[in-house]
Every structure is written in C-alpha cells, then in structure tokens.
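Below is one structure, written out as structure tokens; the observations come after it.
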Amino acid sequence: MTRELTIGSFSLGGTNPVRVESMLKIPLAERENCLDQCLSLNREGCELIRAAFPSAESAENLKWLNERSPVPLMADIHFDAGLALAALAAGVPSIRINPGNMPRAGVQDIVRSAREKKAVIRIGANGGSLSSRQITEARGVRSDALASAVEDQLHLLLDEGFEDIILSAKSTSVPETVRANSLLALKYPDFPFHIGITESGSGRDGLVKSAGGLAILLAQGIGNTLRISLTDTPEEEVRTGFSLLRALEMRAKGVNLISCPTCGRKRIDVRKLVDLLAPCIHSLPDGLSVAVMGCEVNGPREAMDADFGIAGSPGGAVIFSRGKVLKELPLEDLPAALLELASDRPTEDGPENCRKKNEKGE
Ligand code: SF4
C-alpha cells in the first residue's frame, strides 16, 4: 500500500486501481491537434497524459491545453529547472523531471512551486541514460545502477522535504526493469510507481515485451500507473494497457473476449466470426465476458464462465450463457441475437450503438 497522490481529477496509489496513461505524440506547437488527441485519449479511458515540454515558447500552448484537456496533464521536462517552473505556472498538476540534471537552487525553486500548487512530481531514470560512472559503481550490474540512479533523484527531493513523488525506473530490457523496480519497491514501499518498458517496439514484439515485463511487476504488487510504450498511436497504448489489466483481472474496463484456438472439431471460422462480431463486442458493457468457440461439443463447457457465448454447430451456431445452450441459429442472425441478450444489461453506448454500427456495416 503506497501513499495516495492526487493529480487533477484523479488519485493514484493507496487503494486506487492501477491507472493507465499515455503520452501526446504531437508537439505542443500544434495545440488544436494536441487537444484532439487528449479528447480521443479521454474516450479510450486514458487517465493521465504526458506532454513533452521542451521549450518555453510552448508555455502558452501548455496552459491553453491544460485548461481544456479532460484528462490531467503531466509536463515532461529535461534538464531545465526554468521549464519546470513555467509548466507549474501554466497550471499543470504534475511534472516529470530529473532533478539530478538540475542545479540545487533550481530544484529548491521547483519544490517550492510544486508544494504551493499541490503538484505531483514524477522522477526516475532510464536504462539508456545511465552514465559509465553509475554502471561502474554498481559493479557493472545495470539494474542495480538503474535503481541507484532513481534513489539519487529521490533523495534530492526528500532532502527538500518534498514527498508527493512518483518513482519510475524504465529500460528497454525486461529483466533490468523488473529487477530495478523490485529493488526500489522493497526499499521505498511508500511511494507510488509509474511502470513501463520503455521503447518496447511495435506490433507483436512490443506487446509481448510490455505485457511480459509489466505482468511480473504487477503480480508483485508493484505499479500504480502504467504506460505501454509502443511505436503506435497513444490510443493503442491505452487500449493495450486496459487489455493487460483486464487479463490480470485487475480492472474490468472493456469486454473480456474468450475465443478458442480451434482444432479439428471446429464447425465455424472462429477468426472470421470474431472479426464480424468485434464492433458489437467492443460496445458491450464493461466487465462482460463473451466467448466465441469453434464447436458446440466442447465450446459451452470450455467457456463456462462467459456471460454470453457463441459456438459453431451443424445448423450454424448455438448461443449459450454460463455454459447453458439457449438456442441454435444461422450465422447471419448472430450479431442481432448477441445484442438482444446484451440489451438486458444497461449501458450508455451499448447495444443500440452496436446495432447502428452493424446497419452501417462498420
Ligand atoms: S471449442 Fe471445439 S473447436 Fe474450439 S478448441 Fe475446443 S474442441 Fe476445438
């Protein structure tokens, strides 16, 4: 149980669920596009958005965006204490800095301003920016060097009496990230952690790397806010974050899709059916589990826990709920039947929206 911190409209740490965040992939100079991305990320459920703040010229745009974004912002600053002060003056509720790269007086000014504005400071280190001195001091063990680098940053703020801090130790290496975070969490269990595998790549490799590393940390109870750093859109990062938390049964946002790998018993093309039903499935209420199984012989039993399921049968498909077969029907009637069943469960953007998407062929 870490301390609880509040950033704008949400809290993290303490008893709060693990938060999902992302980063704007557009420069602040394009403030209208940045706002569009914030709105889009808000629709995906993103809870914190980091924005690179590399120059004072963008201070006015940062302020403008902060006043309009429905999701709290974290200004990302390197080296320049003056920029951190400008970001806090712009009203952002959180900043990410490396105090070790700033003069002592600058850190003191930042702490004073953050305290006054009740802002949260995320600090940390990245495996890619470790110095040869830090690696030598850790006897060549990079994960230990990464943990010490974070510790050095932490003490710079603690020495100033500031404790509203999120810790972060990231690397492109899964073992290095896991070990560094584990060492830090043992030593500093009171501080919330931001976790991520940095620059994890794209496509399948990026997903596996991020999910593999973060699952190990989350299983140890480490991580209060996460980012899946992908070479992809920020929306995809957020969707992947929630997907991971859903798989670990830590959050129920979205629908839990169960589908079988198929075997020689299959009676339908499960992959095609999943694609056909995807628009409906994604508009069903959060927390629902839907199964798409290849055959009626084993499907309903294998997906016993699903709220609703579809399994291939001689006549097309059977629809089942919690392992019990409800009816058999032709494949083309499946989306409508699934919607009908789900319409018993009220949702703002549920069956009606799904029906409209089907009518439009989306
Ligand atoms: S549900 Fe049927 S088709 Fe799918 S894996 Fe099980 S036995 Fe094979």
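Residue numbering for the sequence shown follows my numbering, starting at 1 and increasing by one per position. No residue lacks a Cβ here, since even glycine has one placed at the ideal position from N, Cα and C.
Item, Value
"Alpha-carbon spacing of GLU352 relative to SER321, whole angstroms", "The predicted model places GLU352 with a pLDDT of 45, which falls under 50 and marks its position as unreliable, so this point remains unresolved."
"Proximity test, ARG367 beta-carbon vs ligand 1 heavy atom, cut-off 7 Å", "Past the boundaries of the shown model lies residue 367; the chain is included only from 1 to 362, so the question cannot be answered."
"Simplified DSSP state of ASN98, which is helix, strand or coil", "coil"
"Spatial distance of LEU5 from ARG68 (CA atoms)", "22 Å"
"heavy atom of ligand 1 below 7 Å from CYS260 C-beta", "yes"
"Cβ shell of GLU47 (< 7 Å), same chain only, five flanking positions each side left out", "PHE10, ARG19, VAL20, GLU21 and VAL71"
"One or two residues paired with ASN126 in a DSSP bridge", "LYS170"
"For GLY299 and CYS260, believed in contact at Cβ under 8 Å, the rounded distance", "7 Å"
"Cα-Cα separation, GLU362 to ARG239", "Any reading at GLU362 needs caution, since the residue's pLDDT is 37, under 50, leaving its predicted position unreliable; the model's value is listed next. If I take the Cα positions, the gap works out to 19 Å."
"Run of the alpha helix (DSSP H) containing LYS209, from where it starts to where it stops", "203-219"
"Through-space distance from CYS280 to PRO330, alpha-carbon basis", "17 Å"
"CB-CB length for LEU85 against SER113, believed under 8 Å", "6 Å"
"Closer than 7 Å: VAL381 CB and nearest ligand 1 heavy atom", "Residue 381 is absent from the structure shown; the chain starts at 1 and stops at 362."
"Range of the contiguous alpha helix (DSSP H) that encloses PHE308", "Careful: PHE308 lies outside any alpha helix (DSSP H), inside the beta strand (DSSP E) at 308-313."
"Of the residues LEU284, LEU257 and GLU332, the one placed nearest ALA306, counting alpha carbons only", "LEU257"
"Nonlocal neighbours in the same chain, by C-beta distance under 8 Å from THR2, ignoring five residues either side", "GLY13, GLY14, PRO189, ASP190, PHE191, PRO192, PHE193 and ASN224"
"ARG142 versus SER210, LEU230 and THR177, residue with shortest Cα-Cα distance", "THR177"
"Test item: CB-CB of ALA138 and SER131 under 8 Å", "no"
"Start-end ranges of the alpha helix (DSSP H) lying completely within the region 216-271, minimum 4 residues", "234-247"
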